[in-house]
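Q:
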Amino acid sequence: MSALLDVEDLRVSFPTRTGVVDAVRGVSFTLGRERLGIVGESGSGKSQTGRAIMGLTPEHGRIEAKKLAFNGIDLLKASKAERRALRGKRIAMILQDPKYSLNPVMTIGRQIVETLRTHEPVGRAEARGRALDMLAAVQIRDPERVFDLYPHEVSGGMGQRAMIAMMLVAGPELLIADEPTSALDVTVQLEVLAILHRLVAERGMGLIFISHDLRLVSSFCDRVIVMYAGRIVEELPAARLAEATHPYTRGLLDCMPRIGADRHPLPVLDRRPEWAL
Amino acid sequence: MTAPALAIDGLTVAFDDFVALKDVSLTVAPGESFGLVGESGSGKSTLLRAVAGLAPASDGTIAVNGKVLGERRDKAFYRQVQMVFQDPYGSLHPRQTVDRLLLEPLAIHGFGDAESRIVRALDEVGLGAGFRFRYSHQLSGGQRQRVAIARALILEPSILLLDEPTSALDASVQAEVLNLLEQVRAARGLTFAMVSHDLAVVTHMCDRLMVMQHGQAVEELAAADLAARRVSRDYTRSLLAASEGFRREA
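So the protein sequences, as listed, match chains A and B.
Here the first sequence stands for residues 1 to 277, where the numbers follow the numbering used here.
Here the second sequence stands for residues 278 to 527, where the numbers follow the numbering used here.
This is the structure:
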């Protein structure tokens, strides 16, 4: 199986007044048509890794890598126009909070149609039809009605489904989901994940699932990468999460309160400086 | 029998036509830790805010330490009841140093020995004296929440209202803050009323809890019963199932 995405020694850094901040420091992985989870706490570089692949690193950030290739296309050498053609069409990204990531002054339907028509020469009627099909595919019961609603008129779960519909309508090969369900209620979270799970499987996409929630990621993905201070500290099959060996991964697993486990006080993470080396 | 620390009877909160909280009753004994769980819009935060006087009660009564509260809260009330909010980024004044933040409640309530109290409060929440003259933007999320807890404790209240105190924090920092809260509760015999969307956090922290949905109480039960899955309502069951994470369909 040839790799969909090949990342080797990716580094992302930001110059600031007080010196250069290295957000990502030498991350390497390959991705096939599988579900890969990237887990870490705030500041671990997980989101910047996703953004660098997507080409959404802020202007002043610097990206270096030995290799950053998507389907054989060198993303480091690609022009802005080439990146734009990929973005949304072949690589798509779902962001955390539909309240902020959808355009508030455009109806949901128009936003989906806009995505589609940016990337494919389709007519108005066909685009509408495909948008409605996509809304139905994310299990929105009344697609015709939701098509004409503005983002503020729908719930968080509905907004996130619309976001997934918008991202998948152009049929991407790689989907990057950055905390796609963290802003949602637990029960809604599971519904959205089930939809994402089914669509990714049906369409044979590659998925990068970025989250702070180690348990959620391991129940959803095939493989998990754990990041700390801009580096990968551990990589393991999701099913074998319980056998994690790195003290950081173990600490993360341990410090969550569990229903039925009477542990007072909770074990806390003892951060070792050598993890960040 | 001593009066309950917090007794709420038939509390209703309405914002114009929208009823956010409908006929909710509960009692919390002194020294007890009580949890409120539910999804967004369930009214759990509104309940805490109504106790603190931040949301208008349109019906029902709230009594603290046996005393029924009126429409306005007096200073004596805020010496007994303090609140910690969810967002450590939004709940601290961005242009005040930690020292100034902690001085404010002391000045309002006319405490004399501010100097020693501030030092002690910072020490109690595990922040050294080095943090005293910093601004909140120079602190991490966990450190900010510690400052917010110090600010609430500095008046030596008997009841702490905690509105999602750890949901904006990383898991490892959450564990530290939860431990800190348990530690101060044990040391001072505090009564907690804690709101969270996370069943695991609430069962960890509380003796008893109430599950809420659409502004109403669904079920009130002991944390031990929840842990043993002795629940009687379907909604509680679905919350329990959801907290166990995603399951792939076969």
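Note that CB positions come from ideal geometry on N, CA and C, so glycine has one too.
Source: prediction; values computed, not measured.
#1: Going by DSSP, which residues form a beta bridge with B:Asp286?
#2: Is it the case that the CB of A:Ala239 approaches a heavy atom of the ligand NAD more closely than 6 angstroms?
#3: What residues in its chain sit with their C-beta under 8 angstroms from that of B:Arg356, if we drop five residues either side in the sequence?
#4: Could you pull the start and end residues of the alpha helix (DSSP H) that B:Thr443 belongs to?
#5: Taking 7 angstroms as the CB-CB cut-off, is B:Asp502 touching chain A?
#6: By the DSSP assignment, the beta strand (DSSP E) with A:Asp6 in it spans what residues?
#7: Tell me the DSSP secondary structure of B:Tyr355 in three-state form.
#8: Between A:Gly37, A:Arg84, A:Glu41, which has its C-alpha nearest A:Leu56's C-alpha?
#9: Chain A partners of B:Glu309, CB-CB under 8 angstroms?
#10: Please compile the residues from chain A whose C-beta is within a distance smaller than 7 angstroms of the C-beta of B:Glu453.
#11: If contact is defined by three or more beta carbon pairs under 8 angstroms, each pair taking one atom from either stretch, is the segment 464–482 of chain B in contact with the segment 290–297 of chain B?
#12: Identify whether B:Glu496 lies in helix, strand or coil by the three-state DSSP scheme.
#13: Which residues, in chain order, does the segment 478–490 of chain B contribute to contact with chain A at a C-beta distance below 7 angstroms?
#14: Take the Cβ of B:Leu379 as the centre, count every other Cβ of all protein chains shown within 10 Å, and call the residue buried at 16 or more, exposed below.
#15: For A:Ser79, count neighbouring Cβ atoms within 10 angstroms of its own Cβ and tell me buried if that reaches 16, exposed if not.
#16: Using C-beta distances below 6 angstroms, list every residue in its chain close to B:Asp351, excluding the 5 sequence neighbours before and after it, in chain order.
#17: Per DSSP, what are the beta-bridge partners of A:Pro237 in this structure?
#18: Quick one, which residues of the segment 59–89 of chain A are near chain B if we go by CB-CB under 7 angstroms, in chain order?
#19: In chain order, what residues of the same chain lie with their CB nearer than 7 angstroms to the CB of A:Asp185, ignoring the 5 residues before and after it?
#20: With a Cβ-Cβ cutoff of 7 angstroms, do A:Met93 and A:Met54 count as a contact?
#21: List the residues of chain A whose Cβ lies closer than 8 angstroms to the Cβ of B:Ala519, in chain order.
#22: By the three-class DSSP mapping on this structure, what secondary structure does A:Lys67 have?
#23: Name the chain A residues that come within less than 7 angstroms of B:Asp447, Cβ to Cβ?
#24: Assign B:Gly320 to one of two classes, buried (16 or more other C-beta atoms within 10 Å of its C-beta) or exposed (fewer than that).
#25: According to the Cβ coordinates, are A:Gly206 and A:Leu76 closer than 7 angstroms?
#26: Determine the DSSP secondary structure at A:Gly37, reduced to helix, strand or coil.
#27: Applying the 10 Å Cβ sphere with the 16-neighbour rule, what's the burial state of B:Phe410?
#28: Are the segment 487–495 of chain B and the segment 162–174 of chain A touching by the rule of at least three beta carbon pairs closer than 8 angstroms?
#29: Can you tell me whether B:Arg485 is helix, strand or coil according to DSSP?
#30: Counting only C-beta atoms, is B:Phe469 closer than 7 angstroms to chain A at any point?
#31: Please list the terminal residues of the continuous beta strand (DSSP E) segment that includes A:Arg25.
#32: So who's on the other strand from A:Gly283, going by DSSP bridges?
#33: For the segment 53–112 of chain A, list the beta strand (DSSP E) runs that are entirely contained and at least 3 residues long, ordered along the chain.
#34: Mind checking who B:Thr374 pairs with in its DSSP beta bridge?
#35: Can a CB atom of chain A be found closer than 7 angstroms to the CB of B:Ala527?
#36: Report yes or no: do the segment 335–348 of chain B and the segment 406–426 of chain B share at least 3 C-beta pairs separated by less than 8 angstroms?
A: Put simply:
#1: Translated into the one-based positions of the second sequence, residue 286 of chain B becomes position 9. In DSSP, B:Asp286 forms a bridge with B:Thr338.
#2: The ligand NAD is absent from the structure shown, which contains no ligand whatsoever.
#3: Taking the second sequence and counting its residues from 1, one reaches residue 356 of chain B at position 79. Answer for B:Arg356: His386, Leu432, Glu433, Pro434, listed in chain order.
#4: Numbered from 1 along the second sequence, position 166 holds the residue referred to as residue 443 of chain B. Element bounds for B:Thr443: n/a, residue is neither H nor E.
#5: Position 225 of the second sequence, counted from the first residue, corresponds to residue 502 of chain B. Output row for B:Asp502: interface = no.
#6: Translated into positions along the first sequence, residue 6 of chain A becomes position 6. That run of the beta strand (DSSP E) goes 5–16.
#7: Here residue 355 of chain B is taken as the residue at index 78 of the second sequence, counted from 1. Helix, per DSSP.
#8: For this step, residue 56 of chain A is matched to residue 56 along the first sequence. With distances taken between Cα atoms, A:Leu56 lies closest to A:Arg84.
#9: In the second sequence, counting from the first residue as 1, residue 309 of chain B sits at position 32. Within 8 angstroms Cβ-Cβ: nothing; B:Glu309 doesn't reach chain A, min ~16 angstroms.
#10: The count along the second sequence starts at 1 and reaches residue 453 of chain B at position 176. Here the neighbours are Val268.
#11: no
#12: Locating residue 496 of chain B in the second sequence gives position 219, where the first residue counts as 1. Here B:Glu496 sits in strand by DSSP.
#13: Taking 7 angstroms as the Cβ-Cβ cut-off against chain A, the residues of the segment 478–490 of chain B that qualify are Val478, Thr480, His481.
#14: Here residue 379 of chain B refers to the residue found at position 102 of the second sequence. Residue environment analysis places B:Leu379 among the buried positions, since at least 16 neighbouring C-beta atoms fall within 10 angstroms of its C-beta.
#15: Working through the first sequence from its first residue, we reach residue 79 of chain A at position 79. Counting Cβ neighbours within 10 Å, A:Ser79 comes out exposed, since fewer than 16 surround it.
#16: Against the second sequence, residue 351 of chain B aligns to sequence position 74. If we look at B:Asp351 and ignore the five residues flanking it on each side, it has no Cβ neighbours.
#17: Taking the first sequence and counting its residues from 1, one reaches residue 237 of chain A at position 237. DSSP output for A:Pro237 lists A:Arg223 as bridge partner(s).
#18: Of all residues in the segment 59–89 of chain A, none comes within less than 7 angstroms of chain B when Cβ atoms are compared.
#19: Numbered from 1 along the first sequence, position 185 holds the residue referred to as residue 185 of chain A. Counting only Cβ-Cβ distances below 7 angstroms, and skipping sequence neighbours, we find nothing.
#20: Here residue 93 of chain A is taken as the residue at index 93 of the first sequence, counted from 1. Here residue 54 of chain A is taken as the residue at index 54 of the first sequence, counted from 1. Closer than 7 angstroms, so yes.
#21: Walking along the second sequence from the start, residue 519 of chain B turns up at place 242. The contacting residues are Val186, Thr187, Gln189, Leu190.
#22: Looking up residue 67 of chain A in the first sequence gives position 67. Looking at A:Lys67 - three-state DSSP - the assignment turns out to be strand.
#23: Indexing the second sequence from 1 puts residue 447 of chain B at position 170. Residues of chain A passing the Cβ test: Glu41, Ser42, His212.
#24: What you label residue 320 of chain B is simply residue 43 of the second sequence in a count that begins at 1. It counts as buried.
#25: Within the first sequence, residue 206 of chain A is the residue found at index 206, counting from 1. Within the first sequence, residue 76 of chain A is the residue found at index 76, counting from 1. No, Cβ-Cβ distance for A:Gly206 and A:Leu76 is not below 7 angstroms.
#26: Reading the first sequence from its first residue, position 37 is the one you call residue 37 of chain A. Strand, per DSSP.
#27: Reading the second sequence from its first residue, position 133 is the one you call residue 410 of chain B. B:Phe410 is exposed by the Cβ-count criterion.
#28: no
#29: By 1-based counting over the second sequence, the position of residue 485 of chain B is 208. Note: B:Arg485 maps to strand in three-state DSSP.
#30: Residue 469 of chain B sits at position 192 when you count from the first residue of the second sequence. With 7 angstroms as the cut-off, B:Phe469 does not count as an interface residue toward chain A.
#31: Residue 25 of chain A sits at position 25 when you count from the first residue of the first sequence. Counting along the chain, the beta strand (DSSP E) containing A:Arg25 begins and ends at 19–31.
#32: The structure shown has nothing for residue 283 of chain A, since chain A only spans 1 to 277.
#33: 62–64, 67–70, 91–94
#34: Against the second sequence, residue 374 of chain B aligns to sequence position 97. According to DSSP, which records beta bridges pairwise, B:Thr374 is partnered with B:Tyr412.
#35: Along the second sequence, one-based indexing puts residue 527 of chain B at 250. With a pLDDT of only 40 at B:Ala527, under 50, the local geometry of the prediction cannot be trusted, and the value read off the model is given with reservation. Chain A contact via Cβ: absent.
#36: Result no; under three Cβ-Cβ pairs closer than 8 angstroms.
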